[in-house]
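Take 0 as the starting number for the sequence shown in numbering that gives the first Met the number 0 and just add one per residue.
The next block holds one structure in the form of structure tokens; read it before the comments.
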Amino acid sequence: MPHRADTEAARDGASPVVGPAVEDVLGAPYTSETIELGSDDEGEVVATLVKRPTHGETNCAVLHVHGFADYFFHTELAEWWTDRGYTFYALDLRKYGRSIRPHQTPSYIDDLTDYYPELDTALRLITERDGHEVVVGSAHSTGGLILPLWAKDQGADLAGLVLNSPWFDLRGPWMFRSLGTRVINRVAERRPRRMIPRSVNGFYVRSLHRDYDGEWDFNLDWKPLRSWPVYAGWLSAVRRGHARLHSGLGLRMPTLVLASDRTTLPMEMNEDLFTSDVVLDVEQIRRWAPSVARHVTSVVVEGAIHDVVLSRPEARGVAYDEMGRWLRAYVEDGSADEVETHPVTAQLPA
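Pasting the structure below:
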């Protein structure tokens, strides 16, 4: 039977309803649950919580949030966490991936707080229903902006945050970021769904997908070659989020920030696509990382790409090694009972 989550009301005033767990598109042992979030001006809204159980009993879990024009398909990441004794959960936010509905504008919201109901519900299910006491937050790119803001505003009791190339600022020179944001905000007030012109060559997704030049298998309808359109209302919401982060969130949970050693902007398919961040400015990530929390560990992963855990084996092996080291130092050693019950068993990529 559907479970009505005791969580913050959805936009229509009703509590989110969580449907039964079904086998996920990734196949067993992954399951997914649809979180019904009421309606917005486009109609029905849902989010999707994906779960991979660990081996045996555990009270440790991780909640992962994807980036823009993205969704959860990272089975290697999930298996790394479950090998450590964590139940793995990933949330496909409203209008992304598994949660896109035909009547919707993919990715569109006009306030980052729109995501709070599904995040609240996911955390409530992980802790109160499933009994996990230690929950680590994990996020990539835009998710790496959303998750800390949510944790701050909602007082989320997380044991730590792992942020993979979080989007902390708009790429480009200062004048563009400053004046451009003013223009975007003005347009968003009048025409929030006005498309913002931009050029996307599709090289990044080509470098990832196994049908082109990459290693990974994912749904190109959910993570398209040329991304999703960007709208003024959405970008204005992101820039407000950036401004809040820049003023300092002061989160109390330990935070790990992973990013590549360099940023490039390739105009053709070349080696840079496989060894650098071609989406965000990594210097901006490192500049603003201390604004997230009181204790931040910032790690440079040489040869990593934008989604660090999709990098070539050597670089992502370094990333997993750093994640394990950080977890042992700041999360697991700080909760001795969990460490004794769930010893480290992860095998790092070669």
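For every residue, glycine included, the Cβ atom is placed at its ideal position computed from N, Cα and C.
Values in this document were obtained by computation on a predicted structure and should not be read as measured data.
If one requires a minimum length of 4 residues, the alpha helix (DSSP H) runs lying completely within the region 121-185 are 142-153, in chain order.
When the Cα atoms are used, V17 and N163 turn out to be separated by approximately 28 Å.
M194 carries a strand assignment under DSSP once its states are collapsed to helix, strand and coil.
Minimum Cα-Cα distance from L90 among the listed residues P116, G84, A121, Q103 corresponds to A121.
In this structure, the alpha-carbon of E117 lies about 22 Å from that of T74.
Annotation for H245: W287, S290 place their beta carbon closer than 7 Å to its own, counting only its chain and skipping 5 residues before and after. By the beta-carbon neighbour count (other beta carbons within 10 angstroms, threshold 16), A158 is buried. P15 sits buried, since 16 or more C-beta atoms from the chains shown fall within 10 Å of its C-beta. Around V24, the same chain offers S31, R97, N218 as residues with beta carbons nearer than 8 Å, after the five sequence neighbours per side are excluded. Residues E7, W149, D152, Q153 of the same chain have their beta carbon placed closer than 8 Å to that of Y115, with the five preceding and five following residues left out of the count.
Around the C-beta of A27, fewer than 16 other C-beta atoms lie within 10 Å, and the residue is accordingly described as exposed. S38 is classed as exposed because its beta carbon has fewer than 16 other beta carbons within 10 Å across all chains shown.
Under DSSP, H63 shares a beta bridge with A89, S137. Where I284 is concerned, the enclosing alpha helix (DSSP H) starts and stops at 281-287. With a 10 Å radius around the Cβ and a threshold of 16 neighbouring Cβ atoms, E331 comes out buried. In the DSSP assignment, the residues bridged to D39 are G42. Just so you know, the alpha carbons of S275 and Y319 end up roughly 17 Å apart.
The C-alpha of V161 is placed about 15 Å away from the C-alpha of V317.
If you draw a 10 Å sphere on the C-beta of W173, you find fewer than 16 other C-beta atoms in it, and that means exposed. Between E301 and D260, the CB-CB gap stays under 7 Å. By the neighbour-count criterion, in which a residue is buried when 16 or more other Cβ atoms sit within 10 angstroms of its Cβ, N269 is exposed.
Counting the other Cβ atoms within 10 Å of the Cβ of F87 gives 16 or more, which makes it buried.
Between L257 and E188 a beta carbon distance of about 36 Å is seen, past the 8 Å cut, so the two are scored as non-contacting. G179 is not a Cβ neighbour of G66, given a cutoff of 7 Å.
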